[in-house]
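Start counting the sequence shown at 1; every next residue gets the next number (full-length UniProt numbering). The beta-carbon is built from N, C-alpha and C at its ideal position, and this holds for glycine as well. Structure record follows, encoded as structure tokens.
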Amino acid sequence: MSNLASCFTGSQSSDAKSVSKEIERQLREAKKEARSQVKLLVLGAAESGKSTFIKQMRIIHGKGYTEEDRKSYITLVHQNVNMTIRTMANAMVNLGIKYEHETSKATADKFSAFTRDDETLVMENQVTELLSFWEDSGVQKCYLRGNEYHLLDSASYYMSHLQRITAINYLPTLQDILRARLPTSGITEYLFDIDSFIFGIVDVGGQKTERRKWIHCFENVTSIVFLAALSEYDQTIPEDEISQDLRYTLGSVRHQQTNKPMVRTNSEHLHIKSGSSSPSQGGKFGRKHHHSLHNQRQPPQSIWKHQGSLPPFPSTKGTEKNPNRGKTNSDSVTAQINRLRESCALFKTIVNSQWFRNTSVILFLNKTDVLNEKIHRSHVCTHFPEFTGPQKDSVAAREFILSKYSKAFDSMKHTKRTMYAHYTCATDTNNIRFVFAAIKDIIVQSYLINYNLV
């Protein structure tokens, strides 16, 4: 009996050891899998270029856009054109600008009455009217005052390509897709396989709730990529569109508006990469990868997980922006906040967050192309009296804007980190390919340090 009991006990012990070893093996694999992923958190104010950056990553390191993918953007491009016409038609009235030709006003009135379902069908038959509308001298005056209302950055691009966009056999190009504007919502994660690392790029665009309620979900991200639009120095946003957690920060910014900012290009806090690194050859995504957030705490909305691709083409219903957005104080009784100040306040809130003490910070000062185009007619000193640089000088303007973010970064409580700043044009694939290649090594280095692998 004792021998039988001993044998039975031995069998149980052997099974337990086997189960234990299997559990340990699975834990090692899970740990290895988790450590093979580099997680980037993409942040920035609305319309700073976050979604465009994600699209570029799909083009450069993902599967790109098939013909079917491109076809799915036809409706959105046409809606962007129609939105441009409706927006400018309203602005013509609000700004008191007269049309050169009555036919242009008739075109504006007709398109303003279209529903979303009408837009694509009508677009194919109205190219002559649309071209005449765009070439109207009154409309061009209205366009040049686009900072006084909410005009799409892509307005001029699409209106200049009307012949192609309105053709019956129209197929959006990659540039059309990159410039297509659709407000994002929810928290979305995209996966890309780059040089033996899985890059999980998380876009939290569209989160209107207080950030303190969900930002802790991303405590262990490797790096923050913050996008800021260089072109928003002369634009405003209604104060009631700003989340509560930015109100206090913006209040403190208002009190500091007269202080002359300092540019620190060689400090331990700010490091400007010169772009000397050559682009690396990143592989296309090919492996399936399952994972979860490091701390297992889920954000308020479910996370889409995409393997180098965007989710199915989303519905565009209900995506009209607040009509007050981008207006001046004379246009609305709602208090207006300068959008550059809003973005700096958001940046300051993020870099001072307790959840990102060990997270590297990468700043993309985006939309260099838009800045270069508007700087000749809209002076920085008009909106920021502390700017003492030359007018119509895009280099001086962007260095001044950089100093604003540098000052916000220098205010942080955790002084050991470095900020890596780059001037970018998110619609320029070569530029984003080059810049991402330059920052990739920085991101991987931060990842290795976080896991004590160096």
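task = Sort out for me which residues DSSP pairs lysine 39 with in a bridge.
result = Gly200
key: For glycine 146, three-class secondary structure by DSSP   = helix
task = Over the uninterrupted alpha helix (DSSP H) stretch that includes histidine 383, give me the two end residues.
result = 380-383
ask   = Between Ala167, Ile224, Ala46, which lies nearest to isoleucine 439 when the distance is taken from Cα to Cα?
value = Ile224
query = Candidates Val395, Ile362, Ser360, Gln163: which alpha carbon is nearest isoleucine 375's?
reply = Val395
key: Residues bridged to proline 238 (per DSSP)   = Gln336
key: Rounded distance between the beta-carbons of phenylalanine 192 and histidine 61, thought under 8 Å   = 4 Å
inquiry  = Spatial neighbours of aspartate 136 within its chain, please: C-beta separation below 7 Å, excluding the five flanking residues on both sides.
reply    = Tyr99, Glu100, His101, Ser104
inquiry  = Using C-beta distances below 6 Å, list every residue in its chain close to cysteine 425, excluding the 5 sequence neighbours before and after it, in chain order.
reply    = Thr368, Asp369, Asn431
inquiry  = phenylalanine 356 and histidine 422 - do their beta-carbons sit closer together than 8 Å?
reply    = no
task = Check the DSSP bridge columns for alanine 228 and list the partner residues they point to.
result = Leu365
key: For asparagine 372 and glutamine 167, the rounded distance between their alpha carbons   = Note that residue 167 is alanine in the sequence shown, not glutamine. Straight-line Cα distance between these residues: approximately 31 Å.
key: Backbone CA spacing between leucine 43 and isoleucine 201 [nearest angstrom]   = 11 Å
message = If the criterion is Cβ atoms closer than 8 Å, does the pair alanine 180 and asparagine 366 meet it?
response = no
ask   = In terms of alpha-carbon separation, which member of Cys344, Val444, Phe434, Gln391 lies closest to serine 406?
value = Cys344
query = proline 172: buried (16+ other C-beta within 10 angstroms of its C-beta) or exposed?
reply = buried
request  = State the start and end residues of the unbroken alpha helix (DSSP H) segment that holds glutamate 102.
outcome  = 102-112
task = Mind the definition here: the region 83-96 touches the region 142-157 only if three or more C-beta pairs lie below 8 Å; say whether that holds.
result = yes
request  = Compute the distance between the beta-carbons of residue 465 and asparagine 352, then report whether it is under 8 Å.
outcome  = Nothing in the structure corresponds to residue 465, since the chain is present only between 1 and 454.
query = For threonine 388, does the count of other Cβ atoms within 10 angstroms reach 16, so buried, or fall short, so exposed?
reply = exposed
ask   = Since threonine 184 contacts serine 51 with CB under 8 Å, what's their CB separation in whole angstroms?
value = 6 Å
task = Look up histidine 422 in the DSSP assignment and give the residues it is bridged to.
result = Phe364
ask   = By the 10 Å Cβ neighbour count, where 16 or more other Cβ atoms means buried, how is alanine 46 classified, buried or exposed?
value = buried
request  = Please state whether DSSP places aspartate 136 in a helix, a strand or coil.
outcome  = coil
inquiry  = Just checking tyrosine 149 against the ligand COA - is the residue's beta carbon closer than 7 Å to any of the ligand's heavy atoms?
reply    = This structure simply doesn't include the ligand COA, nor any ligand for that matter.
Cut-off 6 Å between Cβ atoms - residues of its own chain near glutamine 391, not counting five sequence neighbours on either side = His379
DSSP bridge partner residues for glycine 44 (one or two, in chain order) = Leu227
Exposed unless 16 or more other CB atoms sit within 10 angstroms - verdict on alanine 155 = buried
inquiry  = Going by DSSP in three states, glutamate 129 sits in which element: helix, strand or coil?
reply    = helix
key: Burial state of glutamine 56 (16 or more Cβ within 10 Å)   = buried
ask   = In chain order, what residues of the same chain lie with their CB nearer than 8 Å to the CB of threonine 128, ignoring the 5 residues before and after it?
value = none
message = Just verifying my parser: in three-state terms, what is the DSSP assignment at leucine 191?
response = strand
inquiry  = If the criterion is Cβ atoms closer than 8 Å, does the pair glutamate 239 and isoleucine 337 meet it?
reply    = yes
Which listed residue (Glu232, Ile443, Ile177, Lys63) has its alpha carbon closest to that of tyrosine 158 = Ile177
request  = Could you tell me which of Phe436, Pro385, Val435, Ser360 sits nearest to serine 446, measuring between CA atoms?
outcome  = Ser360
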